[in-house]
Structures are given as C-alpha cells and as structure tokens.
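Peer 1:
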Amino acid sequence: MPAARQTVFRPLDPAFIEDPYPTYTRLRDDHPVGWAATPAVGYAGFWFVSRYADVAAGLKDNRFGREITRVMPADAFPPIPEAHQPLYAMLSSWMLFKDPPEHARLRRIAAPVFSLRAVLAMRPRIELLLAAALARIPQRGPFDIVSEFSSPLSIDIVADLMGVPEEDHGLVRGWVREITLSLDMVRTPERIAAGSRRAGELIGYFERLVNEHRRVPRDNLMSLLIAAHDDGSFLDNHELLASCVLFLFAGHEASSLLIGNGLCAMAQHPDQWALLRDGAVSARSVVTELLRYDSPQQIVFRHALEDMNFAGTAIRKGQTVGFGVGSANRDPRVFVDPDKLDPGREETRHLAFGAGIHTCAGSSLAQMEAEMVFTALAQRFPRLNVVSSQRQESILVRGLTALVLDCG
0 MPAARQTVFR PLDPAFIEDP YPTYTRLRDD HPVGWAATPA VGYAGFWFVS
50 RYADVAAGLK DNRFGREITR VMPADAFPPI PEAHQPLYAM LSSWMLFKDP
100 PEHARLRRIA APVFSLRAVL AMRPRIELLL AAALARIPQR GPFDIVSEFS
150 SPLSIDIVAD LMGVPEEDHG LVRGWVREIT LSLDMVRTPE RIAAGSRRAG
200 ELIGYFERLV NEHRRVPRDN LMSLLIAAHD DGSFLDNHEL LASCVLFLFA
250 GHEASSLLIG NGLCAMAQHP DQWALLRDGA VSARSVVTEL LRYDSPQQIV
300 FRHALEDMNF AGTAIRKGQT VGFGVGSANR DPRVFVDPDK LDPGREETRH
350 LAFGAGIHTC AGSSLAQMEA EMVFTALAQR FPRLNVVSSQ RQESILVRGL
400 TALVLDCG
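Count the sequence shown with numbering that gives the first Met the number 0 and you get residues 0 to 407, in order.
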C-alpha cells in the first residue's frame, strides 16, 4: 500500500468502540486526515478527518456529497443481494442520502414541522409523555433508564408526532433497532438482511397508516407528508413512505442516545449533576455541553465528487471520507480542556447536529426534549448511582443499550 494510504485507524478495534477519545487525540495530533481500514460490508476503507476546522469545512464543502452513484458507474459496485434490496430501496429516498437539488426538495417537507414555533407547540404533549414515563420509574431498586425510560420515551414522542398509535410504539421500536444495526459499520450480511426485512415491514406498516390518515386527516407530521404527496409537488409515493420511516428513525435514535450518554457522563461528574439539580446551571447549557462531550453522532460519511486536495491530503473522486464529529467536539484547538465536562464553558459551537445543508432538521426538538428530560431526572434522582451499563455495538453513533440506576 502506498505511504499516502497507510492505515492509521481501525474503527472496529474493541478498545475504540469502548472509548474512542484517546484514538481521536492521536489522530488529531499525528494524522489529521488518515486512512481507516475495516472489513465491514460496504466500508472497505475511508479517509478519516479528525480536527474541528477540517470537519466543519468538509461538511459544508460541495465537493463532497452523499450520492456515490453521481460519480461512480453502477458496475463499479457489486450487485445488491435480493435479501438486501428493500433496505437500499428505502435508503435511496431518504433526504439524508440525497444531494442538491433533490435534498432541498425533500428537506422542504421537514422545515415547517421542525420550526421553532412548531417545536414549542409540541411542549405540552411532550410534558404529558414525559410525566407518564417518569411515573413508570420505581421508587426503589434497580431500573434500566435506557431500555425502560429514554428509548420508550423517545419513540413515544416521535411516534406521536407521526400519528403512530400508542399500542404500536413497542413494535416500531424493535423495527428501528434492527434497521440501525444494518447501517452501522458493525453490520454483517445477516444484520443487513434482518434490517432489510424490517424496512419492508415498516414501509408496509406506514402504507396502512397513510391510508387511515387519508380517511381521517389529523394535525400531525403524517398528514403533512400526505399533503405534500397528494398535491403532486414534493413527494412520490415511495418517498412518502420512506420519509415516514426516516423521521421515525432519526427522531428516536439521537434523542435516546443523548439521554443515555448524558446520564452516564453526569454519573461520573456528580458535582455537575448537583449544579443542575440545584438550578445553578441551566438545563440548556448542560445539554449543549453533553452534546459536545459525548456526541451521539460520531462519524458522518461523504463521498468525494471530484479529485481534490483537502487539508493537505490528495483525495480521489469516489473515495469515502468520514468526518469525525465526535473527534472535532474534543479538539483542544477550539475547546479549552476538551476532555472536561463543563456546562459553563464559553465556546459552545459543537458539531453534534452536523453542519451545512445536512444539519439535523430536528435539532431544536432534540434540544428541547433533552432539556425537559434532564430537568425532570435531576429532581427525581438527587444522585446518579450506576449499578451497571452496556455500550451499544456501533461506530457511527455512540450510546448505551443499558444503564441501570439504583432508584433507592
């Protein structure tokens, strides 16, 4: 392998999955743009960008895109197995994987839903869902705050927005989890096939729900998506159904991971938890710092749409570039003492919600939801006593599958 392509980063190493931040420090110092190798399906290798300035610039650089098929012929890729096709067909219509002008057309759907005014209007409903979730926490004994609180609550909120009946929330939560595992670098052919089955089932589920909403229109995101399809200006039928899954998927995963990561971090910093509990720091500043400190989104992929020199590295058209959001948020060139959890820090320009045209459309909702949750939990748990935890097997996102607290 040429020197320019020397592998400096192996993201599937168990030590990296458990704690990526020492690796990020090494890469920022010695290999700010370095080659990463992995045997994962669909991720043969990629350039990894680790410094804040380069990550922020790259996410806004229109020489990078999401649609590799714009620059590489179809025969450059192996054929998609039949068992995997429903998943890829769905993803092909997600605005997350679209470049302009298609991205702008699809994003127009989300804009009114996630405007600040619309998000604030959701607050009373979120308060009711949060109160119900808090009521399920026992007064004493161990309680898994991830699987029994943050994950159900997050799915309840976005499913409620989508018009999913409450009795179906657990069902769609399972579907979303399997789809998540089929997209990450930890995926296997078996996981892709499982995610593909779930994608087909979820598309079928939303097709039935769309028909119900057409018969009885409601004031929710589902009805807005239907209107965008029926007036013929924004969405075709496949895009309508795929967008339903996207909003459910994106709205649930990030919020749940943020709550779990944040509670785990706060348990290790009881002084900061006490400040939140006593009102000495605002929930907004706490959530903003938690997003920086242990971002749910760790790596964001783009493809080079042309040959270029980026941050001193020659990148060829068609190569994949992973922008290290998690690394950028710990860059000492931007954040003073970046490995310290400090809700009072002055520099708050984290990249947890991305940058450029793909900045998270639901960031205002996620921020407000997390502020409400952490405020409520600080009153419910004067101290965070962790009994056990289990990290999620993932690279692109970072989170926990379990965080058991002592409720006594």
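For glycine and all other residues, C-beta sits at the position ideal for the given N, C-alpha and C.
Keep in mind it's a predicted model, so treat the numbers as computed, not measured.
What residues match up with residue 390 in a beta bridge as DSSP calls it?
Peer 2: 399
Peer 1: Specify whether the stretch 332 to 339 and the stretch 270 to 289 touch according to this definition: at least 3 beta carbon pairs, one from each stretch, less than 8 Å apart.
Peer 2: no
Peer 1: What are the start and end residues of the beta strand (DSSP E) that includes residue 299?
Peer 2: In this chain, the beta strand (DSSP E) harbouring residue 299 covers 298 to 303.
Peer 1: Look at the alpha carbon of residue 138 and the alpha carbon of residue 406, and state the distance between them as a whole number of angstroms.
Peer 2: 6 Å
Peer 1: Determine the extent of the beta strand (DSSP E) in which residue 33 is found, giving its start and end residues.
Peer 2: Start and end: 32 to 36.
Peer 1: Tell me the DSSP secondary structure of residue 53 in three-state form.
Peer 2: helix
Peer 1: Look at the alpha carbon of residue 9 and the alpha carbon of residue 35, and state the distance between them as a whole number of angstroms.
Peer 2: 6 Å
Peer 1: Tell me which same chain residues have a C-beta within less than 6 Å of the C-beta of residue 316, skipping the five on either side of it?
Peer 2: 70, 303, 305 and 306
Peer 1: List, from N- to C-terminal side, the beta strand (DSSP E) runs of 3 residues or more that fit wholly inside the stretch 135 to 171.
Peer 2: Annotation note: the stretch 135 to 171 contains the following uninterrupted beta strand (DSSP E) runs of length 3 or greater, listed N- to C-terminal: 141 to 143.
Peer 1: Determine which residues share a DSSP beta bridge with residue 113 and list them.
Peer 2: Paired residue(s): none; residue 113 is not in a bridge.
Peer 1: Whole angstroms is fine: what's the gap from residue 364's alpha carbon to residue 348's?
Peer 2: Going from the Cα of residue 364 to the Cα of residue 348 covers about 18 Å.
Peer 1: If you draw a straight line from the C-alpha of residue 1 to the C-alpha of residue 14, how long is it?
Peer 2: Low per-residue confidence applies at residue 1: pLDDT is 39, beneath 50, and the placement is therefore not dependable enough to give any value.
Peer 1: Quickly, what does DSSP pair residue 404 with across the bridge? List them, please.
Peer 2: 142 and 385
Peer 1: Any chance you could list the alpha helix (DSSP H) runs of at least 4 consecutive residues sitting entirely within the stretch 61 to 113, in chain order?
Peer 2: 84 to 90 and 101 to 112
Peer 1: How many Å lie between residue 174 and residue 163 at the Cα?
Peer 2: 14 Å
Peer 1: At the level of alpha carbons, what is the spacing between residue 298 and residue 81?
Peer 2: Rounded to whole angstroms, residue 298 to residue 81 spans 28 Å at the Cα level.
Peer 1: What whole-angstrom Cβ distance do residue 51 and residue 333 have, given they're in contact under 8 Å?
Peer 2: 5 Å
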